[in-house]
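Here's the structure we're looking at; comments come further down.
Number of protein chains: 6
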Amino acid sequence: MKIRIIIPVSTEKWTDAVADTAKRSLRPDTEIEIICLQHGPEAIQSEYNETRAAGHVLPLAQGAEGAGCQAVIIWCFSDPGLAAAREITRLPVLGIGETSQVFALMTADRIGVITTLDHSVNRIKRKIAARGLTTRIPVVRPLNIPVLEYDDDEKVSVRILDIARLMVEKDRVEALILGCGALVGIREKLEEAVALPVIEPGPLTLKQAEIMVDLELCHSKRSFMEPLPVIEH
Amino acid sequence: MKIRIIIPVSTEKWTDAVADTAKRSLRPDTEIEIICLQHGPEAIQSEYNETRAAGHVLPLAQGAEGAGCQAVIIWCFSDPGLAAAREITRLPVLGIGETSQVFALMTADRIGVITTLDHSVNRIKRKIAARGLTTRIPVVRPLNIPVLEYDDDEKVSVRILDIARLMVEKDRVEALILGCGALVGIREKLEEAVALPVIEPGPLTLKQAEIMVDLELCHSKRSFMEPLPVIEH
Amino acid sequence: MKIRIIIPVSTEKWTDAVADTAKRSLRPDTEIEIICLQHGPEAIQSEYNETRAAGHVLPLAQGAEGAGCQAVIIWCFSDPGLAAAREITRLPVLGIGETSQVFALMTADRIGVITTLDHSVNRIKRKIAARGLTTRIPVVRPLNIPVLEYDDDEKVSVRILDIARLMVEKDRVEALILGCGALVGIREKLEEAVALPVIEPGPLTLKQAEIMVDLELCHSKRSFMEPLPVIEH
Amino acid sequence: MKIRIIIPVSTEKWTDAVADTAKRSLRPDTEIEIICLQHGPEAIQSEYNETRAAGHVLPLAQGAEGAGCQAVIIWCFSDPGLAAAREITRLPVLGIGETSQVFALMTADRIGVITTLDHSVNRIKRKIAARGLTTRIPVVRPLNIPVLEYDDDEKVSVRILDIARLMVEKDRVEALILGCGALVGIREKLEEAVALPVIEPGPLTLKQAEIMVDLELCHSKRSFMEPLPVIEH
Amino acid sequence: MKIRIIIPVSTEKWTDAVADTAKRSLRPDTEIEIICLQHGPEAIQSEYNETRAAGHVLPLAQGAEGAGCQAVIIWCFSDPGLAAAREITRLPVLGIGETSQVFALMTADRIGVITTLDHSVNRIKRKIAARGLTTRIPVVRPLNIPVLEYDDDEKVSVRILDIARLMVEKDRVEALILGCGALVGIREKLEEAVALPVIEPGPLTLKQAEIMVDLELCHSKRSFMEPLPVIEH
Amino acid sequence: MKIRIIIPVSTEKWTDAVADTAKRSLRPDTEIEIICLQHGPEAIQSEYNETRAAGHVLPLAQGAEGAGCQAVIIWCFSDPGLAAAREITRLPVLGIGETSQVFALMTADRIGVITTLDHSVNRIKRKIAARGLTTRIPVVRPLNIPVLEYDDDEKVSVRILDIARLMVEKDRVEALILGCGALVGIREKLEEAVALPVIEPGPLTLKQAEIMVDLELCHSKRSFMEPLPVIEH
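Protein chains in written order, with the numbering used here: chain B, 1 to 233; chain P, 1 to 233; chain Y, 1 to 233; chain L, 1 to 233; chain S, 1 to 233; chain U, 1 to 233.
Below, the structure is given as structure tokens:
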């Protein structure tokens, strides 16, 4: 099986980390192919960035089948282009946002998302609302550290523990989702600190992609109809 | 006052009709500037088209203030790029979809949308859901005539009356929204036939834009925060 | 165009301020006619007051068409008699509560209302719930200054800024509605202090009434059916 | 114990039937006092009628304690003046609409209301929505027989069975509420025909009033605060 | 009339208190029969306890009609076995949880439940959600005193007043339900302290059972269908 | 890895089919252990059956860890004992109902469940409601063939295609869940006939169990707290 992972930003900065995560999570015989954008923003921290990136995601999703892949993953918590990508390919297309939000429903009654910046809170809440999941995932809180500063592991680590504790004590969440594809390597420490399930969207989505291929499951062509031909300039 | 109208498709096909509508609806001293996309699809009939168009809408919204405009309208019922556009300009940005859906709440308890194609039904429902308005606007039905065939007025006219009657009798809607910026010139006939309010999103949105400028109202910068700088390739 | 404004209280106390607001907000050729109640309470600060006033609003709404008006406004945030008035006239009838709540949906994701007294909080929340808008307008907080003491501008001004800040910081609202027809002259100061859109219902509703007349839009006679004749004693 | 029953219409037409129902339902030592309106409409079949009646209900509710009563019932399915009445008396005030809707939740998952006229459907649905009960009571269907023609028992009887069967087969309701204080004497026949619980609001509310008095339960003064003094003309 | 009260725990510890409550609440001619479980847990403080108890409740509910009873009450706030019991008897079966939650809707807009332990909060919230009542009963807070330590009246009393005040001030609830069949003898003191209605589920449910019998009301056999025969080992 | 599968009925009738499904779905190195109930009903077709079975599921779930298992599956679409089982073991416990409902959210906007009997419709809807998923999974329709007659493949097959087509055309569902652990071997044919995703809960849940073990994910101990010790007779 071969899975195409689209990192929807125009930088190779995350490629190694994602490859590494995939290697640890997937079955030995599952191959991955990681593609970043040629054009578009280097990070997705606003509706603006997301909208600019989404259009560039689509040809990469569309081309996956021709490149011998059986599934596509959009590796960003805001799932840029997800619904559109499902319309234009017969392969399953998974977003790490939707996948982790949906899976989290099995772990707890009341779920919280930790995101990067204040700028992303409403953007994520709109997606949760559109999915009808707000009553189950009512809390989204930001770290307020830009994603491109995640190199400073110590700073991220201290802040994330503070936010998580606040979400447990004040917001009474019962499970946490790390709402950014770049929040890696922190899950174990966090789980221990707050004694709650902590979901890392990337590895989970990799494995769900394998399942969808194994079980030959895909998206509904009634929900995501194949577009009629339209000229594009 | 000057309003920029973005028709988010790469064709001039609708420009005259929109100009005509604007002339009839706006105050004599309100100027308009109509811009179509250079790049992008010629019609928006899928999530795919919408996503491809949305990225190209943004620079046009962003440039409106510099071009001396006081408000921006995105003239397509799916409001491509609406949230993103609000982040990157200080001007009010209105989408004809959101504007007409929100206004319709004042006319009836239970509202229906007539859209073009089956392909657009879920797309519109997702937006209504994300806005928390599904209980008030629960019905979306398609004409199933592609927007580029709207020249055949007779065909559109017959079909739209059939659909509208079905929505009244079977779905018990109490007001109708013409869910496509290209469904013009049909409202009076339809209103008479079904004896319900029929909302034509274009003219309504033009007048709401005037109001927002008059009252110096704009979108919340907490809901639509100004993006942090991100390099784009 | 002529608009009848019904101030649903039995005092002329607000007439000049409303006339003044109307003059500043309306088009030069829009005429207004302000009517107060002959009978009923001097202020609406409870369900009791509202219910007592509502019955007296209706003949004034019904008589508007005969008096040459094209629209009716009920100038009180609790919209006393709104649904009933729509049944008995062919003119559009707008309430400043409903109008501002609906319009606010275009400005922010999460909206708060500042009302006068603790006594009005549940009353307003019930109306928002009946409209299906609670998820978008979840916060209503009182000033706790009776409306008839609004002369003391300084006191109102200090209190309102405190409440607004609390709503931003604690309730995380992203736009504010001044939930009382008598909270005038404070909007600019407040908008500046909290850096959020602040909606003053009166001027907004005046302009929406003009729009409804211009576009020949009215309420659904399916939602607000014409009453059968019933003898009244 | 003494209960004041307010029939909120200006006719004595229903007094005997209500007295009869009360006699059959109440404990022997519970006294009732039936009062109709002096002023107001003879029937409540619209928001207009309801609003006109509601103001006249209030002094009757307020006076109940002074007349030695321990509870008040508003005997109309639209509960005119209910919230307001609760503000101005320390006695429990029950509406036959609210009481039966709430009680019905114990009998079935999905409940339907049979009302008199098309004109009342939205009016009742708005109340159910304001109470947050729409998901449990989603169906309201009219008989389309004006309440003052209920004398023709045969006609009502045939029509009500037809409507009830439609609600069971098509709307899949699992219990029925007779949504009009005047639909009496039909329950047994209907229950037998559809094999579902059928709730007759009047007798139920009489017994709930007894319970509230027995248990010294009353409405929350936080939900229904005592009004501040306001001059009324 | 004879009512069977099932105390769904395997201890007689509560029998006298329940008998006492029943004696004070019921009509003189209503007989009760109190039954505890032979097998099952001594207290219900978890989903585990509740699930273990529920199966043992059912034969007791089923046998009630044969024992000459006209109604059944399951005397535990989590209503173990309630839906199942309704399937297998023609008698009304009331749970003190459902009954008090539903009744509370008539007393206030926003209701809170005081439960025993942290362990029960989610369990109760799941039931409120399944009933579609979360918007009206959004708050559940624990005393954190195990039910078997309720003998220490002083400790319970102090703690319950603290929790109740917190729920009023911080959660802004407007009525309280004592969410445990064992929280008896505290209602008056609590009502006085917080000036809100406080609902004691036991006495209320006893009286509702009488009403259901008096009015010959029962549960819908569409909602709670009679099971097909299935062999049980 | 070893997974315990609990078939919560007191018959071995399904063991071979489940073993067969597991063999086809799981990784070669995943071992399974299938356990049926000693006591309890032979089928779960009512709340009564489910409640009777649930208590017997619990010791089997609790014993799984001691038997060297890493995960537990309750193989019945109504998930008997699921919440309780999660409280009493540190292993992940999956129900095929919850798992398939949650997963289906990724495949379509509007989902329908095909269940066995009319008797199960409300039972399943209550669970979907308690999970807050009704807006996404609004449709549940029965085959009306008792589960123990599933041997007649032809009859099941014809009926299921009819129901599925009805759900597509009339209910407009966009994906289907086979809502019974015994509806096996029909998925491919059905998917072809209706051109929608059809989810077979068993295989999906087996693979989700593997994922939970692989990723060391488990349920929240805040949502499913460990019970305090309670004596059980």
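Ideal Cβ positions, reconstructed from N, Cα and C, are used throughout, including at glycine. Source: prediction; values computed, not measured.
Sheet register partners of residue i (DSSP bridge)
i	result
L240(Y)	The structure shown does not extend to residue 240(Y), since chain Y is modelled only from 1 to 233, so the question has no answer here.
E33(B)	R4(B)
R165(L)	DSSP lists no partner for R165(L).
R86(Y)	BP columns for R86(Y) are empty, so no partner.
P142(Y)	T115(Y)
L73(Y)	Rather than Leu, the amino acid found at residue 73(Y) in this sequence is Ile. The partner list for I73(Y) (beta bridge, DSSP) reads I5(Y) and L94(Y).
I199(U)	I177(U)
P41(P)	E232(B)
Same chain, Cβ closer than 8 Å to residue i, neighbours up to 5 away in sequence not counted
i	result
I96(L)	I73, I74, W75, C76, F77, D79, G181, P201, G202, L204 and T205
T15(Y)	I7, I34 and C36
T134(U)	K125 and I128
A19(P)	I32 and I34
Contacting residues, own chain, Cβ-Cβ under 6 Å from residue i (five flanking each side not counted)
i	result
I199(P)	S100, A104 and I177
L161(U)	A193
A209(S)	I3, A71, I73 and L94
R131(L)	none
A175(L)	A104, T107, A108, I111, L196 and P197
V213(U)	M1, Q70 and A71
Counted within 10 angstroms of its Cβ, other Cβ atoms place residue i as buried (16 or more) or exposed
i	result
G81(U)	buried
P229(U)	exposed
H233(B)	exposed
I231(L)	exposed
E87(P)	buried
G179(L)	buried
A195(Y)	exposed
E169(S)	exposed
K189(S)	exposed
D67(S)	The amino acid at residue 67(S) is misidentified as Asp; the sequence shows Ala. The residue in question, A67(S), is exposed, as its Cβ has fewer than 16 Cβ neighbours within 10 Å.
K155(L)	exposed
P92(S)	buried
K207(S)	buried
R27(L)	exposed
Spatial neighbours of residue i in its chain, beta-carbon cut-off 7 Å, leaving aside the 5 residues before and after
i	result
R159(L)	L143 and I145
T30(P)	M1, I3 and E210
D171(L)	G112 and V139
Can you pull out the residues from the region 108–134 of chain L whose beta carbon lies closer than 8 Å to at least one beta carbon of chain S? Answer in chain order: A108, D109, R110, R131, G132 and L133.
Does the pairing of the region 24–42 of chain L with the region 54–65 of chain L give three or more beta-carbon distances under 8 Å? As far as the Cβ criterion goes, the region 24–42 of chain L touches the region 54–65 of chain L, which means the pair count is three or higher.
Any contact of the region 114–125 of chain P with the region 215–228 of chain B, i.e. 3+ C-beta pairs under 8 Å? Counting Cβ pairs under 8 Å, three or more are found: they touch.
The region 70–99 of chain B: which residues have C-beta closer than 8 Å to a C-beta of chain U, in chain order? So the list reads L94, E98 and T99, given in the order they occur along the chain.
Any C-beta of chain U within less than 9 Å: which residues of the region 199–216 of chain B qualify? Within the region 199–216 of chain B, the residues whose Cβ lies closer than 9 Å to some Cβ of chain U are I199, E200, P203, L204, K207, Q208, E210, I211, M212, D214, L215 and E216, listed in chain order.
By the 7 Å beta-carbon criterion, what residues does the region 148–176 of chain B contribute toward chain U? Identification of residues in the region 148–176 of chain B having a C-beta nearer than 7 Å to some C-beta of chain U yields E174 and A175, given in sequence order.
Chain-ordered residues of the region 33–51 of chain P with a beta carbon less than 9 Å from chain B: Correct list: L37, Q38, H39, G40, P41, E42, A43, I44, Q45, S46, E47, Y48, N49, E50 and T51.
Mind checking the region 14–34 of chain S against chain L and listing, in chain order, the residues whose C-beta falls within less than 9 Å of any C-beta there? Under the 9 Å Cβ criterion, the region 14–34 of chain S contributes S25 and R27.
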